[in-house]
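Asks:
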Amino acid sequence: MKRVLDRAQFALLAVAVAATIATHLPHLPAWLAPALALAIGLRVGWRRGHPGSVRAILRLPLAAALLVAVVGEYGNVFGRDPGSAFGCGLLALKLLETETPRDARVALAFCAFVLMSALLFEQGLPFTLLVGAVLILQVATLNRLEPAPLPGRQPLWRSLALAARLALVATPLALVGFVLVPRLGTPLWGSPGSDGLGRTGLADSMAPGQFNDLMLDDSPALRVTFDAALPPPSAQYFRTLVLSDFDGTTWTRVMSGLRHAPRPVQAGSGQRYDYRITLEPSRQRWLPALDVPVSVPAGAVLAGDDTLIANLPVTQPREYAVTSISGGRDVESLPGYLRQRLLRLPPDVGLRARALAAQWRAEAGNDAGVVERALALFRSDFSYTLSPPLLGRDSIDEFLFDTRSGFCEHYASAFVFLMRAAGIPARVATGYQGGWWSGAGGYLLVRQSDAHAWAEIWRDGVGWLRVDPTAAVAPQRIDLGARQVNDAPNWTQAGWVRALRNHVDLVNRWWTQGVVRFDALRQRALLSEFGISHNEHGDLLLMLAGALALLMLLATVWALHATRDRSGDALDRVWRRLRRDLARAGVASRDCDGPSTLWQRVRDIDAELARSLQPVIDAYARLRYGVARPDDGEVARLSLNARQWSRQRLQRRRLARCLQSVAAATGINTALHRGRS
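Sequential numbering from 37 applies to the sequence shown in the numbering used here.
1) So for Ala-357, helix, strand or coil by DSSP?
2) Contact defined as beta carbons within less than 8 Å: I believe Ala-458 pairs with Trp-500. What is the distance between those atoms, to the nearest angstrom?
3) When you compare the CB positions of Leu-165 and Arg-180, do they come within less than 9 Å of one another, or not?
4) Out of curiosity, what's the CA-to-CA distance linking Gly-81 and Leu-196?
5) Closer than 6 Å by C-beta to Ser-153: which residues in its own chain qualify, once you throw out the five before and the five after it? Chain order, please.
6) Could you have a look at Gln-469 and say whether DSSP puts it in helix, strand or coil?
7) Residues in its own chain within less than 8 Å of Leu-94 by CB, not counting five upstream and five downstream?
8) Is the CB-CB distance between Arg-440 and Phe-418 below 9 Å?
9) For Ala-714, which three-state DSSP category applies?
10) Check this for me: beta carbons of Pro-349 and Arg-375, under 9 Å apart or not?
11) Could you name the residues of the same chain whose beta carbon sits closer than 8 Å to that of His-539, not counting the 5 residues immediately before and after it, in chain order?
12) Assuming Ile-172 and Ala-128 are in contact, meaning their beta carbons sit under 8 Å apart, how far apart are those beta carbons, in whole angstroms?
13) Whole angstroms are fine: how far does the CA of Tyr-479 sit from the CA of Trp-473?
14) Going by alpha carbons, who is nearest to Ile-460 out of Gly-467, Ala-357, Phe-437 and Ala-491?
15) Put Gly-188 into one of helix, strand or coil per three-state DSSP.
16) Bridge partners for Gly-717 per DSSP, in chain order?
17) Starting from Ile-345, follow its DSSP beta bridges and name the residues at the other end.
18) Just to confirm, are Gly-498 and Arg-365 a CB contact at a threshold of 9 Å?
19) Does the beta-carbon distance from Leu-481 to Gly-471 come in below 9 Å?
20) Who are Asp-629's beta bridge partners in DSSP?
21) So, under 8 Å CB-CB, Ala-336 and Leu-323 are touching, yes? Tell me the CB distance rounded to an integer number of Å.
22) Helix or strand or just coil, what does DSSP make of Leu-328?
23) Can you tell me which residues form a DSSP beta bridge with Leu-277?
24) Let me check one thing: in DSSP terms, what residues is Val-260 bridge-paired to?
25) Taking 8 Å as the cut-off, does the segment 255-263 touch the segment 312-320 (at least 3 CB pairs, one atom from each stretch)?
26) Run the CB neighbour count on Leu-634, radius 10 Å, all protein chains shown included, and call it buried at 16 or more, exposed below.
27) Among Pro-666, Ile-653 and Thr-548, whose alpha-carbon lies nearest the alpha-carbon of Ser-682?
28) Quick check on DSSP: helix, strand or coil for Met-242?
29) CA-CA distance, Gly-229 and Tyr-110?
30) Taking C-beta to C-beta, are Leu-294 and Ala-334 nearer than 9 Å?
31) Comparing alpha-carbon positions, which option in Leu-277, Val-53, Val-40 and Asp-384 lies nearest Asp-342?
32) Going straight from the alpha carbon of Trp-67 to that of Phe-114, what length do you get?
33) Under 9 Å, do Ile-493 and Val-407 count as touching if we go by C-beta distance?
34) Among the candidates Val-638, Leu-578, Val-610 and Leu-674, whose CA atom is the shortest distance from the CA of Val-212?
35) Going by beta carbon distance, what residues of the same chain come within less than 6 Å of Ala-44, once the five residues before and after it are set aside?
Printed below as a string of structure tokens:
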């Protein structure tokens, strides 16, 4: 008769399927996740009252509807996103026909495949640990499908513990494969069409309130290591984008062409910084860099506005080295067409601001005076907040003369407008300012909440100058970092919380550098430390085969030894453990000794110890020789009693033997020392 899954087995299988699908939730269509959860729940509930698989007349239309829905959502079923969505749907529908252990094993194999595909979207350490936990659940479910050897199935935690032990045993094999499997030129998880990886950072436009969510996002954006000393906070401006066009509400980026060489800077001016950035996935092509880059990383170009642009979107952690000059003087002039663009303002917007700027120009007479008037205005009665009042169509006048509260994008936008109205070419720069120095890791951690906007103005004979109007309103934003002024809960600013986050990020950085970005170059460098300088694919495969053979040999020896220790039934294992504990306490015995003989040996050494051992010996003799088949419960109680007796009676005796051994060894060493003297 065909064996079918019992209710507990099927419920555990459904949990494993649901957990596997849950690893794909962040990128599944909004309609698919609830539909799959409903399908799994209905299947589990229906099977309780109606055993058997769902008929094909219902399964086939559901599979066809899933295919049509995925094609309607993505346009096809090929590619990472549609393929994973279709796979998750098929996995949930697999439960409709699952009824026997064979069906469940097939479903679990499909679960493992779908779980692996989740790593194509995210490879961070927390997510990898989550995938490992789901894998252990799948292996435990596979274990529960085996027939129970005795009446009464073991608790679920034993299956989970067994799965965890199997994962631990497989770790050396996984490490060997990770190190020796030939790598491509890009990291292992790089895959064609992976432009949806990562999270979106700074956009190529800026409007009031657009930075709000980003500045409350505490996830890492980039990590920076410097070849020399850490720059002061006033120099920690990582330019990412330059926005030149304004329509009254939104600043947008304009293509500024490409530079054939970095911007020429007057010799001896400015501070030089050599550093290396590890940028988290952003789905964008922008590469942040300090002030004026004078070197261009491989796989990137330098735009005319001195920003770095990658050839491809950053869909996985990217590391690049840059050299920048901060505060250097330009030796080139501003072209006429660019000057006109950087003075352009939308009509019928900011009329009061234009009048104020014209007044400043007439009173000050020079650019420096106009800049100082604008900064003085912001210092007067403006406030910094991440929850400013909403602005209408004329955002400039409303901000300057009505609301007078906002954060960096409000101040940068209004300042650049005032400068242009006063005849000074100006533009908005966005990027990141400041960060959190990790003394343990030796790097500057820049989070998304460190996103910032500031202004750049042109001065003839000097070049582009950075002016941060936010510093006039909230100087602590620049000196102490974004966490001091952003609207974050107070408990997150506690010293121990920041220290904990610092160490956690250190582990995440190690994971990114050592695992996610382990490509062919890093593999070659690692193997060279062990004297393997030539690691062609054929050599790597040969070493992999040798390592696997060695691991299999060690596993075979261990399995044979473990099998010998596990030979016999549960009573035999109790007896072997009791003899082993007595031998460690100084009571030796032979394999042929029976219960009474072993007890006599104990009595000859310690009569009191023998009296306490008598109930255990009597229980073993009765179960071994007095009944045809020992009761499982009585065997379990005997095992527990024997363990407790060993801990209570033999622990002190074993400690005394250890002290005697130490004393004897010390006496011998002392005698030898005296003899030499």
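Each residue gets a CB set at the ideal place from its N, CA and C atoms; glycine is no exception.
Replies: Quick answer:
1) What you label residue 357 is simply residue 321 of the sequence shown in a count that begins at 1. Here Ala-357 sits in strand by DSSP.
2) As a working mapping, residue 458 is identified with position 422 in the sequence shown. As a working mapping, residue 500 is identified with position 464 in the sequence shown. Not really, about 17 Å apart at Cβ, beyond 8 Å.
3) Counting from one through the sequence shown, the residue named residue 165 turns up at place 129. Counting from one through the sequence shown, the residue named residue 180 turns up at place 144. No, Cβ-Cβ distance for Leu-165 and Arg-180 is not below 9 Å.
4) By 1-based counting over the sequence shown, the position of residue 81 is 45. By 1-based counting over the sequence shown, the position of residue 196 is 160. In a straight line, the C-alpha of Gly-81 is about 25 Å away from that of Leu-196.
5) What you label residue 153 is simply residue 117 of the sequence shown in a count that begins at 1. Hits under 6 Å: Ser-120.
6) As a position in the sequence shown, residue 469 is number 433, starting the count at 1. If DSSP states are grouped into helix, strand and coil, Gln-469 belongs with the strands.
7) Working through the sequence shown from its first residue, we reach residue 94 at position 58. Cβ neighbours of Leu-94 beyond the five flanking positions: Leu-132.
8) For the purposes of this step, residue 440 is taken as the residue at position 404 of the sequence shown. For the purposes of this step, residue 418 is taken as the residue at position 382 of the sequence shown. A contact, by the Cβ cut-off of 9 Å.
9) The structure shown does not extend to residue 714, since the chain is modelled only from 37 through 713, so no value can be given for it.
10) By 1-based counting over the sequence shown, the position of residue 349 is 313. By 1-based counting over the sequence shown, the position of residue 375 is 339. For Pro-349 and Arg-375, no; Cβs fall outside 9 Å.
11) The count along the sequence shown starts at 1 and reaches residue 539 at position 503. The residues are Ala-476.
12) The count along the sequence shown starts at 1 and reaches residue 172 at position 136. The count along the sequence shown starts at 1 and reaches residue 128 at position 92. With 8 Å as the limit, Ile-172 and Ala-128 do not qualify as a contact, their Cβ atoms being about 21 Å apart.
13) Indexing the sequence shown from 1 puts residue 473 at position 437. Indexing the sequence shown from 1 puts residue 479 at position 443. Going from the Cα of Trp-473 to the Cα of Tyr-479 covers about 6 Å.
14) Looking up residue 460 in the sequence shown gives position 424. Measuring from the Cα of Ile-460, the nearest candidate turns out to be Ala-491.
15) The sequence position of residue 188 within the sequence shown is 152, counting from 1. Annotation note: pLDDT 48 at Gly-188 (below 50); position unreliable, coordinate value reported separately. Note: Gly-188 maps to coil in three-state DSSP.
16) Residue 717 lies beyond the residue range present for the chain, which begins at 37 and ends at 713; the question has no answer from this structure.
17) Here residue 345 corresponds to residue number 309 of the sequence shown, with the count starting at 1. Trp-322 and Val-337.
18) One-based indexing of the sequence shown puts residue 498 at position 462. One-based indexing of the sequence shown puts residue 365 at position 329. The residue you asked about is not Gly; residue 498 is Val in the sequence shown. Yes, they are a contact pair.
19) Residue mapping note: residue 481 aligns to position 445 of the sequence shown, counting from 1. Residue mapping note: residue 471 aligns to position 435 of the sequence shown, counting from 1. Yes, they are a contact pair.
20) The residue given as residue 629 occupies position 593 in the sequence shown. Bridge partners of Asp-629: none, in fact.
21) Reading the sequence shown from its first residue, position 300 is the one you call residue 336. Reading the sequence shown from its first residue, position 287 is the one you call residue 323. Between Leu-323 and Ala-336 the Cβ distance is about 6 Å, and since that is below 8 Å, they are a contact.
22) The count along the sequence shown starts at 1 and reaches residue 328 at position 292. Reading off the sequence shown, one finds Val at residue 328, where the question assumed Leu. It is a strand residue.
23) Sequence index remark: in the sequence shown, residue 277 carries index 241 (1-based). According to DSSP, which records beta bridges pairwise, Leu-277 is partnered with Thr-466.
24) As a position in the sequence shown, residue 260 is number 224, starting the count at 1. Beta-bridge pairing links Val-260 to Ile-313 and Leu-480.
25) yes
26) Residue 634 sits at position 598 when you count from the first residue of the sequence shown. By the neighbour-count rule (16 or more Cβ atoms within 10 Å), Leu-634 is buried.
27) Looking up residue 682 in the sequence shown gives position 646. For Ser-682, the nearest C-alpha among the options comes from Ile-653.
28) The sequence position of residue 242 within the sequence shown is 206, counting from 1. In the structure shown, Met-242 sits in a strand (DSSP, three-state: E or B).
29) The count along the sequence shown starts at 1 and reaches residue 229 at position 193. The count along the sequence shown starts at 1 and reaches residue 110 at position 74. Because Gly-229 sits at a pLDDT of 41, beneath the cut-off of 50, its placement in the model cannot be relied upon, and the point is left open.
30) The sequence position of residue 294 within the sequence shown is 258, counting from 1. The sequence position of residue 334 within the sequence shown is 298, counting from 1. Not closer than 9 Å, so no.
31) Reading the sequence shown from its first residue, position 306 is the one you call residue 342. Closest option to Asp-342, Cα to Cα, is Leu-277.
32) As a working mapping, residue 67 is identified with position 31 in the sequence shown. As a working mapping, residue 114 is identified with position 78 in the sequence shown. Using only the alpha carbons, I get a separation of about 19 Å.
33) Translated into the one-based positions of the sequence shown, residue 493 becomes position 457. Translated into the one-based positions of the sequence shown, residue 407 becomes position 371. Yes. Within cutoff.
34) Working through the sequence shown from its first residue, we reach residue 212 at position 176. Residue Leu-578 is the option with its Cα nearest to Val-212.
35) Taking the first residue of the sequence shown as position 1, residue 44 is located at position 8. Result list for Ala-44: empty, nothing under 6 Å.
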